[in-house]
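Have a look at the structure below before the remarks.
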């Protein structure tokens, strides 16, 4: 069921969004060549434990698209992994493309966001192009996330940007409603038909999350951890996400990182 938030509830959601944005900004600054994925996970754990009213949305999360409860505080997807990456004992290498996806509840309200970047001094231009595509798709989708437009306008905007770059689009996973829970209605696909679907209304809070793989739309679940989603052809992936609120005017980016 789609739930609309009151202006007061959206105001209350800002704390979670700001907290998630702050952590991701800190992680991007501190994540270098040699950083271990478990260090990233532990940093997030400590930040959550230090924050009054904060709880991880990931620890013990057990949806039907994973195998057993998730046991970590952040998703760390590296290179051919694009979603739901489980942190493990791996030191990042020069040129690795990493996506960090974080959802935290603060005082009962959730913020959900993701970033992708390359570590090291000599990133592959193709990796930077892929990341740029997800960021441009996210910005363009947020721009059309206005009362009176349709959910399909968001989805088609994301798809149009991906096609302009020549990247294939997977529709199995996408954006979603956000509120007291991390994954709610409506589902926000990364492609669709403009002027179709649910009419956007003030009070709707959603996560928009374009993610693309360089040369395929086929993914598989890594059997080693039962969670990490990887490109079927081994190509690299990138992922950008913000939680936003629809208003009577401009959309509010609750997870802004500036």
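Numbering (the UniProt record's numbering), first residue to last: 1 to 258.
All C-beta atoms in this analysis are idealised placements derived from N, C-alpha and C, irrespective of residue type, glycine included.
- Excluding residues up to 5 positions away in sequence, 116, 210, 211, 212, 238, 239, 240 lie with their Cβ nearer than 8 Å to the Cβ of residue 134 in the same chain.
- In the DSSP annotation of this structure, the continuous segment of the alpha helix (DSSP H) that includes residue 19 starts and ends at 7 to 30.
- Between the stretch 173 to 180 and the stretch 194 to 211, the count of C-beta pairs closer than 8 Å reaches three or more; the two stretches touch.
- CA-CA distance, residue 51 to residue 64, rounds to 30 Å.
- Listed in chain order, the beta strand (DSSP E) runs fully inside the stretch 121 to 178 are 175 to 177, counting runs of at least 3 residues.
- Distance from residue 219 to residue 229 at the Cβ level is roughly 5 Å; contact confirmed, criterion being Cβ atoms closer than 8 Å.
- Residue pairing of residue 99 in beta bridges, as defined by DSSP: 77, 116.
- Here residue 204 carries a coil assignment [DSSP, helix/strand/coil].
- The three-state reading of DSSP puts residue 220 in strand, counting E and B together.
- Contact check for residue 149 and residue 171: beta-carbon distance about 20 Å, past the 8 Å limit, so the pair fails to qualify.
- Runs of the beta strand (DSSP E) lying entirely within the stretch 26 to 75, each at least 3 residues long, are 54 to 56 in chain order.
- Take residue 246, set aside five residues on each side of it, and the residues of its chain with a beta-carbon closer than 8 Å to its own are 145, 146, 147, 200, 201, 202, 203, 204, 205, 206, in chain order.
- Under DSSP, residue 253 forms a beta bridge with 244.
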